[in-house]
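Note sheet for the following structure.
Residue numbers (the working numbering): 7 to 245.
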């Protein structure tokens, strides 16, 4: 009986390894095909030529802190992937049974935005491809550069791609002039633009903004007093 159990477990392990290897192989093929269509360097050069592209140094530090805090608070401490975040997201998804929480780093999201948005590739293969591309990104670019690519490629809803287009569209001002209040609002939108865009439902926009503010307090980018002031400002919101 014990031998049978051992053989069964060994068989399951072998099947799992073969299946896992196949998925990684297919994901690597998706990654290679993406690079064959256009190199990473050329892709980056292309997005930098966009009229709405802005350098990270021109953005308010409050906005950068808000983005890092709510999207990937360990961004400067981990590599292309964040194992801790993946484990945390997996546990959370199992508990909630909705499997909605991800564990993607900012670098992985940049990889997705650059190459894999709108593709009909199997989502599992695409995720593997994103990881390979994320390693390429961190091998060739600094963290600040990758964060710059991120804020210039994320979608904010209403046809706005990148923080500059979004600020011009929603705030009627350039991104460099964002206030702390506006920065916390804008940082929350890309998580679900169809839900959190100000034109979709302002109450949900403000709810998401509270989440951003809360994470900034947790990560010591804001004091509780500053957070309280921002929450008070929400009561006067009129977009």
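We treat Cβ as the ideally placed atom computed from N, Cα and C, and that holds for glycine.
Only a predicted model underlies this, so the values are computations on that prediction, with no experimental measurement involved.
Three-state secondary structure (DSSP) at residue 81? coil
Are the stretch 67-84 and the stretch 35-55 touching by the rule of at least three beta carbon pairs closer than 8 Å? no
Using beta-carbon positions only, say whether residue 155 and residue 196 come within less than 7 Å of one another. no
Alpha carbon of residue 221 to alpha carbon of residue 54, nearest angstrom: 30 Å
With a floor of 4 residues, list each alpha helix (DSSP H) that falls wholly inside the stretch 19-86, ordered by position along the chain. 46-54, 67-77
Please check the pair residue 86 and residue 125, which I expect to be a contact at CB under 8 Å, by giving their CB distance rounded to whole angstroms. With 8 Å as the limit, residue 86 and residue 125 do not qualify as a contact, their Cβ atoms being about 20 Å apart.
For residue 161: DSSP bridge partner residues: 167
Let me make sure I understand the geometry here. Which of 171, 35, 133 has the alpha-carbon closest to that of residue 58? 171
Which term fits residue 78, buried or exposed, when burial requires 16 or more other beta carbons within 10 angstroms of its beta carbon? buried
Could you tell me which of 229, 214, 25, 37 sits nearest to residue 118, measuring between CA atoms? 37
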